[in-house]
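Trainee: Take a look at the following structure, please.
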């Protein structure tokens with residue numbers, strides 16, 4: 004009965020793995036489908052093994068020999084499928100479809116076919132197994148071929164991974180080394196004692212390890228729409244370009260999506276967006292996939308050129324009439340852009356840049372317009388290219404600078420913090436506004452490099468202040484929308500701050516509402532990880548975009564910065580101040596530090612202090628200062644205080 008217990012255990016593990024597989028989001032790729040087949044093959048082998056044992060123990064004398072042979076043939080055939088399926092899954096995962104050659108397919112199919120023929124011929128040859136007249140089972144002389152085939156596939160996997168180690172990361176290598184023992188040990192135990200049949204249990208354990216490690220695709224999926232997110236788009240595009248020499252990317256930007264979100268509410272909007280994405284793109288397949296890059300920003304990639312006209316016609320029809328959902332009629336306004344790979348661009352990151360460009364320049368085009376790549380890029384194209392060249396020169400010629408604007412305590416009047424503000428001075432274009440070069444950097448993908456430079460430079464400046472014994476509680480730095488949602492943001496920050504010996508609490512990270520438009524779930528996750536690691540998070544420009552306080556309060560933050568537009572209301576009639584006073588009371592009740600931005604007059608300083616705001620920033624105290632000027636400012640302030 005020991006074998007029955009192991010089969011029951013493998014059955015339970017297979018059911019658990021299948022549940023995890025279907026409860027998570029999945030990427031439509033060959034390795035996913037191979038793993039799905041492997042799961043069902045293992046489940047089937049477990050059920051067949053239990054059925055086989057039940058027949059032997061309860062009715063072997065009454066069941067016809069032909070039926071017993073059929074049961075064994077089906078069981079051993081299922082067992083024969085497991086090693087090649089596991090191997091094929093590993094190769095597809097590691098190589099991303101680059102090694103789907105006739106030679107590899109032949110090496111997989113020939114051993115499996117030969118062993119299947121040996122199994123199927125056993126009723127006549129007794130080569131793999133035989134049954135006596137009274138139903139007694141005996142292994143045949145060819146039975147060791149099961150072990151030989153399993154070892155062949157394991158050796159093939161190891162050889163492939165060693166030779167092609169540049170194709171996969173350390174996580175896959177660790178996972179393979181972790182689950183291979185679960186495949187090898189049961190085989191060796193069965194060789195030593197043929198009454199111990201643990202092969203299926205070992206395979207079930209291997210599959211559970213796989214799905215809990217490198218098959219976890221949740222970081223690549225958008226939590227709101229169920230489509231791929233930005234990282235998923237990049238990952239899937241890499242797979243796609245390996246299989247297809249050309250494809251078409253359809254960019255969709257819906258400019259009314261924020262109004263719809265506010266009108267429906269979070270829960271209803273999520274349902275609406277899922278329905279809309281299905282109506283636009285359908286289910287993903289081997290020849291197409293779709294991604295949500297940001298609020299109202301979607302990309303579908305499909306192989307070839309033939310279906311573009313039909314798809315755009317379908318979308319035109321979809322957006323021509325109101326969308327009916329749960330008793331409401333919603334008017335959708337969208338712009339589309341078609342990009343051909345590789346004719347228009349050979350870089351999938353550039354496609355994301357085009358999506359950002361479309362989302363920022365949609366006002367230039369009538370609703371429901373279908374743009375070509377050249378149409379999109381011609382909008383202020385000359386200035387755009389100039390800014391991109393200035394960014395490249397900035398990296399080469401140290402054109403980026405950090406300026407620091409003091410943040411003053413409302414109670415003591417002493418500078419306790421400062422905001423680090425990036426500037427770009429170009430030899431050809433002169434000073435370039437961040438409002439101009441930051442969006443260009445996001446479109447080109449260089450924003451992450453700029454962000455890393457800002458963090459490192461801020462840490463260096465804090466270290467310099469410490470060495471010169473100039474007290475400053477912390478520095479505030481701005482994170483771009485893309486930085487806010489990048490994976491492993493907290494570990495990257497920790498690496499940089501540890502390198503310069505800066506405590507996490509001394510680097511406050513400012514984010515804006517636009518960041519939440521790209522991926523609310525990823526933003527919340529990153530902010531929670533930053534807070535757990537000790538980094539303060541501040542909401543910047545409050546009053547310009549955060550219309551929904553319930554959405555705001557889902558983000559972990561410890562500071563909030565009131566935009567100048569809110570501070571300006573303090574000089575109006577007192578009835579207009581009630582909204583700001585209510586917000587101050589609300590944030591004070593949850594222990595949030597409040598900062599007033601854009602304070603320019605003594606009257607504004609007095610009013611800000613009167614309603615209980617903690618910190619003040621603005622030209623009344625100082626404009627943003629170059630590093631040397633900021634140090635001189637701090638020395639002068641400290642001298643006065645002394």
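Residue numbers (the numbering used here): 4 to 645.
Even for Gly, the Cβ is constructed at its ideal location relative to N, Cα and C.
Predicted model only: the values in this text are computed from it and were never measured.
Taking all protein chains shown into account, decide if residue 487 is buried (16 or more other Cβ within 10 angstroms of its Cβ) or exposed.
Mentor: Its Cβ being crowded by 16 or more others within 10 Å, residue 487 is buried.
Trainee: Looking only at its own chain, which residues have a Cβ that is under 8 Å from the Cβ of residue 563, when we skip the five neighbours before and after it?
Mentor: 541, 542, 545, 590, 595, 596, 597 and 598
Trainee: Run through DSSP, which three-state label would residue 409 get?
Mentor: strand
Trainee: Residue 549 to residue 635, Cα distance in whole Å?
Mentor: With a pLDDT of only 47 at residue 549, under 50, the local geometry of the prediction cannot be trusted, and no value is derived from it.
Trainee: Return helix, strand or coil for residue 541, following the three-state DSSP convention.
Mentor: Strand, per DSSP.
Trainee: Can you list, in chain order, the residues of its chain whose CB lies under 6 Å from that of residue 610, leaving out five sequence neighbours each side?
Mentor: 573
Trainee: Consult DSSP for residue 498 and reduce its assignment to one of helix, strand or coil.
Mentor: helix
Trainee: DSSP three-state call for residue 355: helix, strand or coil?
Mentor: Three-state result, residue 355: helix.
Trainee: What do you get for residue 434, buried or exposed, if any count of 16 or more other CB atoms within 10 angstroms of its CB means buried?
Mentor: exposed
Trainee: So residue 281 packs on residue 337, CB below 8 Å; how close in whole Å?
Mentor: With 8 Å as the limit, residue 281 and residue 337 do not qualify as a contact, their Cβ atoms being about 16 Å apart.
Trainee: Can you check whether the CB of residue 467 is closer than 9 Å to the CB of residue 630?
Mentor: yes
Trainee: Where does the unbroken beta strand (DSSP E) through residue 564 begin, and where does it stop?
Mentor: Annotation: the continuous beta strand (DSSP E) that includes residue 564 extends over 562-565.
Trainee: Nearer than 8 Å: is that true of the beta carbon of residue 363 relative to any heavy atom of the ligand PLP?
Mentor: As far as ligands go, the structure on display features none, and thus does not contain the ligand PLP.
Trainee: Can the beta-carbon of residue 398 be found closer than 9 Å to that of residue 447?
Mentor: no
Trainee: Assign residue 477 to one of three DSSP states: helix, strand, or coil.
Mentor: Note: residue 477 maps to strand in three-state DSSP.
Trainee: In the structure shown, what three-state DSSP assignment does residue 530 receive?
Mentor: helix
Trainee: Using only the alpha-carbon positions, how far apart do residue 493 and residue 480 sit?
Mentor: 14 Å
Trainee: Can you tell me which of 301, 209 and 275 puts its alpha carbon nearest to the alpha carbon of residue 326?
Mentor: 275
Trainee: Could you check the C-alpha separation between residue 212 and residue 90 for me, to the nearest Å?
Mentor: Their Cα atoms are separated by approximately 15 Å.
Trainee: Identify, in the order they occur along the chain, each residue of the same chain with its Cβ nearer than 6 Å to the Cβ of residue 303, setting aside the five sequence neighbours on each side.
Mentor: 253, 284 and 293
Trainee: I need the DSSP call for residue 132, collapsed to helix, strand or coil.
Mentor: Residue 132 carries a strand assignment under DSSP once its states are collapsed to helix, strand and coil.
Trainee: Taking buried to mean at least 16 other C-beta atoms within 10 Å of its own C-beta, is residue 453 buried or exposed?
Mentor: buried
Trainee: For residue 269, which residues from the same chain have a beta carbon less than 6 Å from its beta carbon, with the 5 sequence-adjacent residues on both sides left out?
Mentor: none
Trainee: Which complete beta strand (DSSP E) runs does the stretch 8-92 hold, if anything under 3 residues is left out?
Mentor: The DSSP assignment places no complete run of the beta strand (DSSP E) inside the stretch 8-92 (cut-off: 3 residues).
Trainee: State the Cα-Cα distance for the pair residue 413 and residue 531, rounded to the nearest angstrom.
Mentor: 29 Å
Trainee: Hey, could you find the ends of the beta strand (DSSP E) residue 327 is sitting in?
Mentor: 326-328
Trainee: Considering only DSSP beta bridges, list what residue 297 is partnered with.
Mentor: 300
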